[in-house]
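Residue numbers (our numbering): 569 to 810.
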(Lines of atoms letter the chains of each structure in order from A and count residues from 1; the text may use other names and numbers.)
(Lines give C-alpha, C1' and ligand atoms only; values in the text may rest on other atoms or scores of the structure.)
Protein backbone atom coordinates (compact mmCIF):
# COMPACT_ATOMS: atom_id res chain seq x y z
CA UNK A 1 0.00 0.00 0.00
CA UNK A 2 2.77 2.38 0.92
CA UNK A 3 4.60 1.45 -2.23
CA UNK A 4 1.60 2.41 -4.35
CA UNK A 5 1.31 5.78 -2.56
CA UNK A 6 5.01 6.52 -3.18
CA UNK A 7 4.67 5.66 -6.87
CA UNK A 8 1.56 7.84 -7.17
CA UNK A 9 3.30 10.80 -5.50
CA UNK A 10 6.31 10.51 -7.82
CA UNK A 11 3.99 10.33 -10.83
CA UNK A 12 2.15 13.48 -9.71
CA UNK A 13 5.41 15.38 -9.11
CA UNK A 14 6.69 14.33 -12.53
CA UNK A 15 3.52 15.62 -14.20
CA UNK A 16 3.88 18.94 -12.39
CA UNK A 17 7.50 19.26 -13.57
CA UNK A 18 6.46 18.49 -17.16
CA UNK A 19 3.69 21.09 -16.99
CA UNK A 20 6.12 23.63 -15.57
CA UNK A 21 8.66 23.00 -18.33
CA UNK A 22 5.97 23.24 -21.00
CA UNK A 23 4.68 26.52 -19.53
CA UNK A 24 8.18 27.96 -19.40
CA UNK A 25 8.83 26.97 -23.03
CA UNK A 26 5.57 28.58 -24.12
CA UNK A 27 6.37 31.82 -22.28
CA UNK A 28 9.87 31.89 -23.76
CA UNK A 29 8.48 31.37 -27.26
CA UNK A 30 5.92 34.12 -26.74
CA UNK A 31 8.68 36.51 -25.70
CA UNK A 32 10.93 35.61 -28.62
CA UNK A 33 8.25 35.76 -31.31
CA UNK A 34 7.78 39.57 -31.34
CA UNK A 35 11.56 40.02 -31.45
CA UNK A 36 11.85 37.72 -34.46
CA UNK A 37 8.96 39.48 -36.21
CA UNK A 38 10.49 42.91 -35.57
CA UNK A 39 13.80 41.68 -36.94
CA UNK A 40 12.17 40.43 -40.14
CA UNK A 41 10.33 43.73 -40.54
CA UNK A 42 13.55 45.72 -40.15
CA UNK A 43 15.31 43.52 -42.71
CA UNK A 44 12.44 43.98 -45.15
CA UNK A 45 12.54 47.75 -44.68
CA UNK A 46 16.30 48.05 -44.99
CA UNK A 47 16.64 45.86 -48.09
CA UNK A 48 15.09 48.37 -50.57
CA UNK A 49 17.17 51.18 -49.06
CA UNK A 50 20.40 49.24 -49.46
CA UNK A 51 19.45 48.25 -53.00
CA UNK A 52 18.69 51.85 -53.98
CA UNK A 53 21.93 53.13 -52.48
CA UNK A 54 23.99 50.49 -54.28
CA UNK A 55 22.18 50.79 -57.62
CA UNK A 56 24.06 53.88 -58.89
CA UNK A 57 27.62 53.38 -60.09
CA UNK A 58 28.79 56.28 -62.28
CA UNK A 59 27.35 59.71 -63.05
CA UNK A 60 29.05 62.19 -65.42
CA UNK A 61 27.87 65.61 -66.66
CA UNK A 62 29.39 67.38 -69.68
CA UNK A 63 28.30 70.97 -70.35
CA UNK A 64 28.54 72.30 -73.92
CA UNK A 65 29.06 75.93 -74.95
CA UNK A 66 25.40 76.31 -75.98
CA UNK A 67 24.18 75.39 -72.48
CA UNK A 68 23.08 71.84 -73.27
CA UNK A 69 24.28 69.05 -70.99
CA UNK A 70 25.17 65.45 -71.78
CA UNK A 71 24.59 62.90 -69.02
CA UNK A 72 26.30 59.52 -68.73
CA UNK A 73 24.62 57.34 -66.08
CA UNK A 74 25.60 53.79 -65.08
CA UNK A 75 23.36 51.77 -62.77
CA UNK A 76 23.03 48.28 -61.34
CA UNK A 77 19.77 46.43 -61.97
CA UNK A 78 18.24 43.24 -60.63
CA UNK A 79 18.34 40.73 -63.51
CA UNK A 80 15.34 38.92 -62.03
CA UNK A 81 13.14 42.00 -62.33
CA UNK A 82 11.61 42.50 -65.80
CA UNK A 83 11.49 46.31 -65.48
CA UNK A 84 13.72 48.98 -63.98
CA UNK A 85 12.66 52.53 -63.08
CA UNK A 86 15.09 55.45 -62.82
CA UNK A 87 14.63 59.19 -62.42
CA UNK A 88 16.53 61.25 -65.00
CA UNK A 89 17.92 64.77 -64.70
CA UNK A 90 15.92 67.46 -66.47
CA UNK A 91 12.37 67.52 -67.80
CA UNK A 92 13.05 67.52 -71.55
CA UNK A 93 15.13 64.44 -72.43
CA UNK A 94 16.74 64.14 -75.87
CA UNK A 95 19.06 61.79 -77.79
CA UNK A 96 18.49 58.88 -75.41
CA UNK A 97 20.50 55.66 -75.71
CA UNK A 98 20.11 52.83 -73.16
CA UNK A 99 22.20 49.66 -73.36
CA UNK A 100 23.02 46.67 -71.16
CA UNK A 101 26.41 45.28 -70.14
CA UNK A 102 26.68 43.47 -73.49
CA UNK A 103 26.06 46.64 -75.50
CA UNK A 104 22.55 45.65 -76.63
CA UNK A 105 19.90 48.35 -76.86
CA UNK A 106 17.10 48.15 -74.29
CA UNK A 107 13.49 49.20 -74.78
CA UNK A 108 12.22 52.04 -72.62
CA UNK A 109 9.43 54.52 -72.02
CA UNK A 110 9.96 58.03 -70.61
CA UNK A 111 7.21 59.91 -68.81
CA UNK A 112 8.36 63.43 -67.83
CA UNK A 113 11.78 62.62 -66.33
CA UNK A 114 11.11 59.00 -65.26
CA UNK A 115 12.38 56.18 -67.47
CA UNK A 116 10.82 52.71 -67.37
CA UNK A 117 13.36 50.28 -68.82
CA UNK A 118 12.80 46.66 -69.86
CA UNK A 119 15.89 44.91 -68.52
CA UNK A 120 15.64 41.51 -70.31
CA UNK A 121 17.86 40.04 -67.60
CA UNK A 122 20.43 42.85 -67.63
CA UNK A 123 22.36 43.54 -64.43
CA UNK A 124 24.21 46.63 -65.67
CA UNK A 125 22.44 49.51 -67.46
CA UNK A 126 24.07 52.51 -69.15
CA UNK A 127 22.04 55.62 -70.05
CA UNK A 128 23.26 58.40 -72.36
CA UNK A 129 21.10 61.45 -73.07
CA UNK A 130 21.05 65.25 -73.47
CA UNK A 131 18.97 67.94 -71.79
CA UNK A 132 18.68 71.73 -71.89
CA UNK A 133 17.20 72.02 -68.39
CA UNK A 134 20.29 71.96 -66.18
CA UNK A 135 21.87 75.23 -67.38
CA UNK A 136 20.29 78.69 -67.37
CA UNK A 137 21.67 82.08 -68.44
CA UNK A 138 21.28 85.59 -67.02
CA UNK A 139 23.22 88.19 -68.99
CA UNK A 140 26.72 86.82 -69.44
CA UNK A 141 26.49 84.44 -66.46
CA UNK A 142 25.63 80.79 -67.01
CA UNK A 143 24.37 78.67 -64.08
CA UNK A 144 24.47 74.88 -63.76
CA UNK A 145 22.12 73.33 -61.17
CA UNK A 146 21.64 69.66 -60.28
CA UNK A 147 20.56 67.55 -57.32
CA UNK A 148 22.52 64.32 -57.67
CA UNK A 149 22.02 61.22 -55.48
CA UNK A 150 25.69 60.20 -55.66
CA UNK A 151 29.15 61.64 -56.24
CA UNK A 152 29.59 62.77 -59.86
CA UNK A 153 31.98 64.40 -62.32
CA UNK A 154 31.42 67.66 -64.18
CA UNK A 155 33.22 68.97 -67.28
CA UNK A 156 32.86 72.74 -67.84
CA UNK A 157 33.04 74.20 -71.39
CA UNK A 158 36.34 75.41 -72.78
CA UNK A 159 37.45 78.99 -71.94
CA UNK A 160 34.89 79.29 -69.12
CA UNK A 161 35.66 80.88 -65.75
CA UNK A 162 33.87 79.70 -62.59
CA UNK A 163 32.71 82.61 -60.42
CA UNK A 164 30.57 80.84 -57.81
CA UNK A 165 30.04 77.32 -56.40
CA UNK A 166 27.57 76.30 -53.69
CA UNK A 167 29.62 73.19 -52.75
CA UNK A 168 33.34 72.59 -52.48
CA UNK A 169 34.54 70.04 -55.06
CA UNK A 170 36.28 66.87 -53.96
CA UNK A 171 38.88 67.51 -56.66
CA UNK A 172 39.41 69.94 -59.51
CA UNK A 173 41.80 70.10 -62.45
CA UNK A 174 42.16 72.08 -65.68
CA UNK A 175 42.99 70.35 -68.95
CA UNK A 176 43.01 72.07 -72.35
CA UNK A 177 41.30 75.17 -70.88
CA UNK A 178 38.47 73.02 -69.48
CA UNK A 179 37.70 72.58 -65.77
CA UNK A 180 37.06 69.01 -64.62
CA UNK A 181 35.48 68.66 -61.17
CA UNK A 182 34.50 65.78 -58.88
CA UNK A 183 31.58 66.87 -56.69
CA UNK A 184 29.70 65.21 -53.80
CA UNK A 185 26.08 64.19 -54.07
CA UNK A 186 23.36 66.67 -53.23
CA UNK A 187 22.20 70.03 -54.58
CA UNK A 188 24.92 72.02 -56.35
CA UNK A 189 24.86 75.37 -58.17
CA UNK A 190 27.84 76.51 -60.27
CA UNK A 191 28.00 79.88 -62.04
CA UNK A 192 30.48 80.65 -64.83
CA UNK A 193 31.10 82.90 -67.81
CA UNK A 194 33.10 82.67 -71.01
CA UNK A 195 36.37 84.58 -71.13
CA UNK A 196 36.88 86.49 -74.39
CA UNK A 197 40.59 86.95 -73.62
CA UNK A 198 41.11 83.21 -73.33
CA UNK A 199 39.43 82.55 -76.66
CA UNK A 200 41.32 85.29 -78.56
CA UNK A 201 44.20 83.89 -80.63
CA UNK A 202 47.18 86.04 -81.70
CA UNK A 203 47.43 86.80 -85.42
CA UNK A 204 50.58 85.37 -86.97
CA UNK A 205 52.67 87.86 -88.97
CA UNK A 206 53.60 86.98 -92.53
CA UNK A 207 57.36 86.46 -92.89
CA UNK A 208 59.15 89.20 -94.88
CA UNK A 209 60.90 86.67 -97.08
CA UNK A 210 57.62 85.27 -98.32
CA UNK A 211 56.37 88.81 -99.07
CA UNK A 212 59.53 89.61 -101.04
CA UNK A 213 59.26 86.40 -103.03
CA UNK A 214 55.64 87.10 -103.89
CA UNK A 215 56.47 90.66 -105.00
CA UNK A 216 59.26 89.46 -107.30
CA UNK A 217 56.92 86.92 -108.84
CA UNK A 218 54.32 89.59 -109.51
CA UNK A 219 56.94 91.87 -111.12
CA UNK A 220 58.07 89.02 -113.38
CA UNK A 221 54.49 88.39 -114.53
CA UNK A 222 53.96 92.11 -115.28
CA UNK A 223 57.22 92.35 -117.25
CA UNK A 224 56.39 89.24 -119.25
CA UNK A 225 52.95 90.58 -120.07
CA UNK A 226 54.38 93.95 -121.14
CA UNK A 227 56.93 92.24 -123.36
CA UNK A 228 54.22 90.16 -124.99
CA UNK A 229 52.11 93.26 -125.69
CA UNK A 230 55.12 95.10 -127.19
CA UNK A 231 55.85 92.17 -129.46
CA UNK A 232 52.28 92.11 -130.74
CA UNK A 233 52.35 95.84 -131.44
CA UNK A 234 55.61 95.50 -133.37
CA UNK A 235 54.22 92.66 -135.49
CA UNK A 236 51.10 94.67 -136.39
CA UNK A 237 53.20 97.73 -137.43
CA UNK A 238 55.38 95.57 -139.64
CA UNK A 239 52.37 94.06 -141.38
CA UNK A 240 50.85 97.52 -142.06
CA UNK A 241 54.11 98.83 -143.61
CA UNK A 242 54.15 95.95 -146.11
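Here a beta-carbon is modelled for each residue, glycine too, at the ideal position from N, C-alpha and C.
With residue 754 as the anchor, note down where its beta strand (DSSP E) starts and where it stops.
Its beta strand (DSSP E) spans residues 754-762.
Residue 640: first and last residue of the uninterrupted beta strand (DSSP E) it sits in:
637-644
Thinking C-alpha only, which one of 752, 748, 744, 746 is nearest residue 817?
Lying before the first or after the last residue shown, residue 817 is absent from the chain, which here runs from 569 to 810.
For residue 641 and residue 744, what's the separation of their Cα atoms in angstroms?
24 Å
Consult DSSP for residue 701 and reduce its assignment to one of helix, strand or coil.
coil
Pick from 763, 653, 627 that is closest to residue 709, judged by C-alpha positions:
Among 763, 653, 627, the Cα nearest to that of residue 709 is on 763.
Quick check on residue 680: does DSSP put it in helix, strand or coil?
coil
Tell me which same chain residues have a C-beta within less than 8 Å of the C-beta of residue 647, skipping the five on either side of it?
687, 689, 690, 691.
Note down the Cα distance separating residue 731 from residue 643, rounded to an integer number of angstroms.
When rounded, the distance between both Cα atoms is 32 Å.
I'd like the list of long-range same chain contacts for residue 609, defined as Cβ closer than 7 Å, with 5 residues on each side in sequence excluded.
With a pLDDT of 38 at residue 609, under the threshold of 50, the predicted position of this residue should be treated as unreliable, and no value is reported.
Is it buried or exposed for residue 734, if we count other Cβ within 10 angstroms and need 16 for buried?
exposed
Can you confirm whether the region 719-728 touches the region 670-688 when touching is taken to mean that 3 or more C-beta pairs between the two stretches lie within less than 8 Å?
no
Judging by CA-CA distance, which residue of 755, 742, 695 is the nearest neighbour of residue 663?
695
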